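Notes to accompany the following structure.
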Amino acid sequence: MNFTDSQFFSPIFKLFGATGKIDPQRANTIVNSYILDFFDKYLKNENGGLITEPSNRFPEVEFITPLLTNMN
25 MNFTDSQFFS PIFKLFGATG KIDPQRANTI VNSYILDFFD KYLKNENGGL
75 ITEPSNRFPE VEFITPLLTN MN
């Protein structure tokens, strides 16, 4: 995924594989939505739905479970 703004600077970045496969504007929307949801949840104690489970709004986003969860 595109976690930088490089996709907006020049199409040359895409030629060198420096950007992701998602349309730059769509990637920007996704990243901004998840960041806002994160801060809403942990700073304002509200929402948090995007960062806790998959959303139909963003089918491109995959939730990956860490390998070392529930280790005692």
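Residue numbering for the sequence shown follows my numbering, starting at 25 and increasing by one per position. Where is the CB? At the ideal position from N, CA and C, for every residue including glycine. Here the structure is a predicted model, which means the values were calculated and not measured.
- Taking the C-beta atoms as reference points, D61 is found nearer than 8 Å to N71.
- For T89, no alpha helix (DSSP H) run applies, since DSSP gives it neither H nor E.
- The Cβ atoms of I54 and F33 do not sit closer than 8 Å to each other.
- Annotation for I75: the continuous alpha helix (DSSP H) segment containing it runs 73 to 76.
- For R81, the three-state secondary structure derived from DSSP is coil.
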